[in-house]
Amino acid sequence: MCSLEQFKIDLKALTEEVTSLDYELDNSYFAALSDAEIKGGSLHVSGSIRKAVGFFELLFDINGTVRIPCDRCLDDMDQPIETNLRLVAKLVSRDLIGEGSRTPTEDDVVMVEESDGVLDIAWFIYESIALAVPIQHVHQPGDCNDAMMRVLNEHSAARSSDADANQDTDPRWDILKKLNV
Numbered sequence: 000m001c002s003l004e005q006f007k008i009d010l011k012a013l014t015e016e017v018t019s020l021d022y023e024l025d026n027s028y029f030a031a032l033s034d035a036e037i038k039g040g041s042l043h044v045s046g047s048i049r050k051a052v053g054f055f056e057l058l059f060d061i062n063g064t065v066r067i068p069c070d071r072c073l074d075d076m077d078q079p080i081e082t083n084l085r086l087v088a089k090l091v092s093r094d095l096i097g098e099g100s101r102t103p104t105e106d107d108v109v110m111v112e113e114s115d116g117v118l119d120i121a122w123f124i125y126e127s128i129a130l131a132v133p134i135q136h137v138h139q140p141g142d143c144n145d146a147m148m149r150v151l152n153e154h155s156a157a158r159s160s161d162a163d164a165n166q167d168t169d170p171r172w173d174i175l176k177k178l179n180v
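FYI, numbering that gives the first Met the number 0 numbers position 66 of the sequence shown as 65, with every residue one higher than the one before it.
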């Protein structure tokens with residue numbers, strides 16, 4: 000089981016220098032996240048944290064593959080993922096977090112309680128990966144499960160032939176068809 004503790008960053012302990020981070024994500028990472036829709040994969044995450052005056056800028060490059068079900072045959076397939084993530088974190092007092100007093104320019108800023116100073120990036124990385132998965136994900140032509148494709152084709156053909164056979168025509172069209180003869 001993957002420990003998500005490695006994804007907790009103590010922002011108060013960072014120095015003025017750029018801090019580099021590297022993570023290898025595997026099936027255990029996805030299993031450790033509750034409510035994760037992606038169940039497996041192999042990805043490399045490289046990132047950096049830059050401490051600036053009043054905020055922290057986190058940049059991550061994420062590359063690899065995830066295992067997701069094919070929309071057509073439901074067998075698992077590998078989906079290549081290549082994405083970037085940028086986070087801006089700001090240490091604020093507990094009062095500001097509770098009130099939700101953000102200015103319009105701070106909508107994309109992650110507020111971290113100053114007394115704690117720890118930012119958990121595990122879910123941010125997962126969300127970035129999930130957003131990089133295409134809406135429709137299917138195997139390359141010919142790679143889908145043959146048995147499932149036969150069943151799908153049978154049901155698709157049966158459905159369309161049933162619709163044609165059971166479709167009653169409007170009597171007004173029948174009259175017009177006679178005029179065409």
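Quick reminder that beta carbons are idealized off the backbone N, C-alpha and C, glycines included.
Computed from a prediction, not measured in an experiment: that's the story for all the values here.
- Under a 10 Å Cβ-count criterion, Gly53 is classified as exposed, with fewer than 16 other Cβ atoms of the shown protein chains found around its own Cβ.
- In the DSSP assignment, Ile37 falls outside any alpha helix (DSSP H) and carries neither an H nor an E.
- Between Ser2 and the set Glu16, Thr18, Asp25 and Glu15, the nearest pair of CA atoms involves Asp25.
- In the three-state DSSP reduction, Gln135 falls in the coil class, being neither helix nor strand.
- DSSP, read as helix, strand or coil, puts Ile120 in coil.
- Within the stretch 41–92, no run of alpha helix (DSSP H) reaches 4 residues while sitting entirely inside it.
- Cα atoms of Thr82 and Val150: separation of roughly 36 Å, rounded to the nearest angstrom.
- Going by DSSP, Ser2 is part of no alpha helix (DSSP H) at all; its letter is neither H nor E.
- DSSP places Val109 within a strand segment (E or B) once states are collapsed to three.
- Beta-bridge partners assigned by DSSP to Ser19: Ser47.
- The alpha-carbon separation between Leu20 and Glu56 amounts to approximately 13 Å.
- The criterion of a C-beta distance shorter than 7 Å is satisfied by Asn144 and Asp74.
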